[in-house]
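Peer 1:
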Amino acid sequence: MYLTQIQTSSKMYPLFLGKSIIPQLPLVIRQVKPNVSKIMIITDQQVDVMYGMKLTSLLSKSFSICKYVMPKGEKSKNFMEFYKCLTFALEQKLDRQSLIIALGGGVVGDLAGFVAASYMRGISWIQVPTTLLAHDSAVGGKVAINHPLGKNLIGAFYQPDAVLYDIDFLYTLPKKELKSGFAELIKHALISKDSFYEWLKNNVCSIDDLKEDTLAYAIRKGIEIKASIIKEDEKENDIRTYLNFGHTLGHAIEAEKGYGEISHGEAVVIGMVFALRIGREMQISDINIDELEQWLTYLGYNTRICPSLSSNRLIERMKQDKKNKSNQIHMVILKNVGSPMMMNVDESIISTVLKASSQIVER
Ligand code: NAD
Ligand code: GLY
Numbered sequence: 043m044y045l046t047q048i049q050t051s052s053k054m055y056p057l058f059l060g061k062s063i064i065p066q067l068p069l070v071i072r073q074v075k076p077n078v079s080k081i082m083i084i085t086d087q088q089v090d091v092m093y094g095m096k097l098t099s100l101l102s103k104s105f106s107i108c109k110y111v112m113p114k115g116e117k118s119k120n121f122m123e124f125y126k127c128l129t130f131a132l133e134q135k136l137d138r139q140s141l142i143i144a145l146g147g148g149v150v151g152d153l154a155g156f157v158a159a160s161y162m163r164g165i166s167w168i169q170v171p172t173t174l175l176a177h178d179s180a181v182g183g184k185v186a187i188n189h190p191l192g193k194n195l196i197g198a199f200y201q202p203d204a205v206l207y208d209i210d211f212l213y214t215l216p217k218k219e220l221k222s223g224f225a226e227l228i229k230h231a232l233i234s235k236d237s238f239y240e241w242l243k244n245n246v247c248s249i250d251d252l253k254e255d256t257l258a259y260a261i262r263k264g265i266e267i268k269a270s271i272i273k274e275d276e277k278e279n280d281i282r283t284y285l286n287f288g289h290t291l292g293h294a295i296e297a298e299k300g301y302g303e304i305s306h307g308e309a310v311v312i313g314m315v316f317a318l319r320i321g322r323e324m325q326i327s328d329i330n331i332d333e334l335e336q337w338l339t340y341l342g343y344n345t346r347i348c349p350s351l352s353s354n355r356l357i358e359r360m361k362q363d364k365k366n367k368s369n370q371i372h373m374v375i376l377k378n379v380g381s382p383m384m385m386n387v388d389e390s391i392i393s394t395v396l397k398a399s400s401q402i403v404e405r
């Protein structure tokens, strides 16, 4: 098992990563919350069917527990589910000594974390991630719900008390979800100075290669890269913005298509290629985009914008991004692999590159 301490300016907490480590959860709970009064598990229907019983029987031997199950998918990251979770917590009489466990992917983690941040002004919570994407979402304490006007616009920075990531969960993950999560690994690789990007290209020629040691190593690297950034900048005043590489357009596509119509990772891939093309248009970037696109296409990603999406509407969405300043689009550009930077980008450049990026019809 790999154990590391995630360090941020507000909190330090352990992250456990390994195979078949879920039986360690009761021990972890006792360590981080010795006097826990009640545990509320928050999960989604899909994960509940697969793992809900297992977790309930593991925890009910030692703790008083209750469980809230939400519909699966991005559409659940909304005000209504947030409200229902809080109501359930009140009905179940959770108090300030209670603990929330987020069992699921990024959707469950983001929502459950926001519930934990808000309930009685904040109670403890533990992330038990079950998707590949959650190597990213479970670390760093960004918790949020979506608003019809934009992704993750309502939320908080609220670090969990621990993260327990059992790789065994990933064996039941559909390929589409592995692909979505792998996109965030590629993001971490592209913004990082070490040789992780080269390693990924050399070791992952197909999503089916994401097994056993390759998967475990890649997850660990992704977490290490993220942890090193949030250690320096927890609240996204500086280098944490680099973690949003590909997200300015990615979030706009997700919102414009309708939440859940495209996976987060698939949208981020289109956003990363777009950001690289912006860098090339502005003569800042030196990256071999063709080679990257070739690899991404080989892995089964679509790298171009669906032509049915309106450029003007995408630009309006991008203008609502949290990173913007004075209504100007402020996005992450890469000078090279491992050299991200924030740039204000003129709307005319965005528009030109958007049009060029959506010329090829989506496969
Ligand atoms: P998700 O939580 O919706 O999970 C994807 C699907 O996989 C769901 O249908 C779920 O039921 C199913 N699933 C989960 N675990 C499974 C398993 N082990 N076996 C079989 N099926 C399983 O989505 P996600 O891709 O994990 O997360 C996406 C969300 O994460 C987005 O909302 C995104 O904005 C957010 N995110 C947050 C951060 C952050 O820092 N907080 C970072 C990146 C992404
Ligand atoms: N996924 C972006 C961040 O954690 O900052």
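Using our numbering, the first residue of the sequence shown is number 43, and each one after it goes up by one.
For every residue, glycine included, the Cβ atom is placed at its ideal position computed from N, Cα and C.
Among I329, V205, N188, I233, which residue has its Cα nearest to the Cα of G197?
Peer 2: Of I329, V205, N188, I233, the residue nearest in Cα terms is N188.
Peer 1: Does the distance from the C-beta atom of I107 to that of I83 stay below 8 Å?
Peer 2: Against a cut-off of 8 Å, the Cβ pair of I83 and I107 comes out as a contact.
Peer 1: Using 8 Å as the Cβ pair cut-off and three pairs as the minimum, do the stretch 75-92 and the stretch 298-312 touch?
Peer 2: No, because fewer than three Cβ pairs between the stretch 75-92 and the stretch 298-312 fall closer than 8 Å, the two stretches do not touch.
Peer 1: Within a Cβ cutoff of 7 Å, which residues of the same chain sit near V403, ignoring the five residues on either side of it in sequence?
Peer 2: Residue confidence for V403 is low, a pLDDT of 43 falling below 50, so the modelled location carries little weight; the figure read from the coordinates is stated next. The residues are P349.
Peer 1: Cα separation between K135 and A144?
Peer 2: For K135 and A144, the distance between alpha carbons rounds to 18 Å.
Peer 1: What number of angstroms, rounded off, separates the C-alpha of L215 from the C-alpha of G321?
Peer 2: The alpha-carbon atoms of L215 and G321 are separated by roughly 34 Å.
Peer 1: Applying the 10 Å Cβ sphere with the 16-neighbour rule, what's the burial state of A354?
Peer 2: Looking at the sequence shown, residue 354 is not Ala but Asn. Its Cβ having fewer than 16 others within 10 Å, N354 is exposed.
Peer 1: Alpha carbon to alpha carbon, how far is G300 from P190?
Peer 2: In a straight line, the C-alpha of G300 is about 9 Å away from that of P190.
Peer 1: Please list, in chain order, all residues of the same chain as Q49 whose beta carbon is under 7 Å from its beta carbon, the five residues on each side excluded.
Peer 2: Same-chain partners within the cutoff: K273.
Peer 1: Tell me where the alpha helix (DSSP H) around Y200 begins and ends.
Peer 2: Taken as a continuous stretch (DSSP letters only), Y200 belongs to no alpha helix (DSSP H), as it is neither H nor E.
Peer 1: So which of L195, D332, S327, A204 has the shortest CA-CA distance to I71?
Peer 2: Ranking the options by Cα distance to I71, first place goes to A204.
Peer 1: Please report the straight-line C-alpha distance between S160 and P382, rounded to a whole angstrom.
Peer 2: Going by the C-alpha atoms only, they are around 33 Å apart.
Peer 1: Count the other CB atoms, across all protein chains shown, that sit within 10 Å of the CB of T268; report buried if there are 16 or more and exposed otherwise.
Peer 2: Checking the displayed sequence, the identity of residue 268 turns out to be Lys instead of Thr. Buried is the call here.
Peer 1: Have a look at S400 and I228 and give me their C-alpha separation to the nearest angstrom.
Peer 2: Using only the alpha carbons, I get a separation of about 22 Å.
Peer 1: Please classify D363 as buried or exposed, where buried requires at least 16 neighbouring CB atoms within 10 angstroms.
Peer 2: By the neighbour-count rule (16 or more Cβ atoms within 10 Å), D363 is buried.
Peer 1: Since A317 contacts F287 with CB under 8 Å, what's their CB separation in whole angstroms?
Peer 2: The pair is a contact, with the Cβ atoms about 6 Å apart (cut-off 8 Å).
Peer 1: Just mark M54 as buried or exposed, buried being the case when its beta carbon has 16 or more other beta carbons within 10 Å.
Peer 2: So M54 ends up on the exposed side.
Peer 1: Checking 8 Å against the spacing of the C-beta atoms, do L338 and V310 come in under that value?
Peer 2: Going by C-beta atoms, L338 is not nearer than 8 Å to V310.
Peer 1: Look at T129 and V111 and say whether their C-beta atoms are less than 8 Å apart.
Peer 2: No, the Cβ-Cβ distance between T129 and V111 is not below 8 Å.
Peer 1: In angstroms, rounded to a whole number, what distance separates the CA positions of F124 and D328?
Peer 2: Their Cα atoms are separated by approximately 43 Å.
Peer 1: Does at least one heavy atom of ligand 1 sit under 7 Å from the Cβ of V149?
Peer 2: At least one heavy atom of ligand 1 is nearer than 7 Å to the Cβ of V149, so yes.
Peer 1: Could you name each continuous alpha helix (DSSP H) segment of 4 residues or more that falls completely within the stretch 311-372, going from the start of the chain to the end?
Peer 2: List check, alpha helix (DSSP H) in window: 331-341, 353-360.
Peer 1: Would you call Q336 buried or exposed, if buried means 16 or more other Cβ atoms sit within 10 Å of its Cβ?
Peer 2: With fewer than 16 Cβ atoms within 10 Å of its Cβ, Q336 is classed as exposed.
Peer 1: Could you tell me which of K218, T172, I295, G148 sits nearest to V1, measuring between CA atoms?
Peer 2: Any property of residue 1 remains undetermined from this structure, which presents the chain solely from 43 to 405.
Peer 1: Rounded to a whole number of angstroms, what is the C-alpha to C-alpha distance between Q47 and P56?
Peer 2: Straight-line Cα distance between these residues: approximately 4 Å.
Peer 1: I need the straight-line Cα distance from K277 to F199, nearest angstrom please.
Peer 2: Taking the straight line from one Cα to the other gives about 7 Å.
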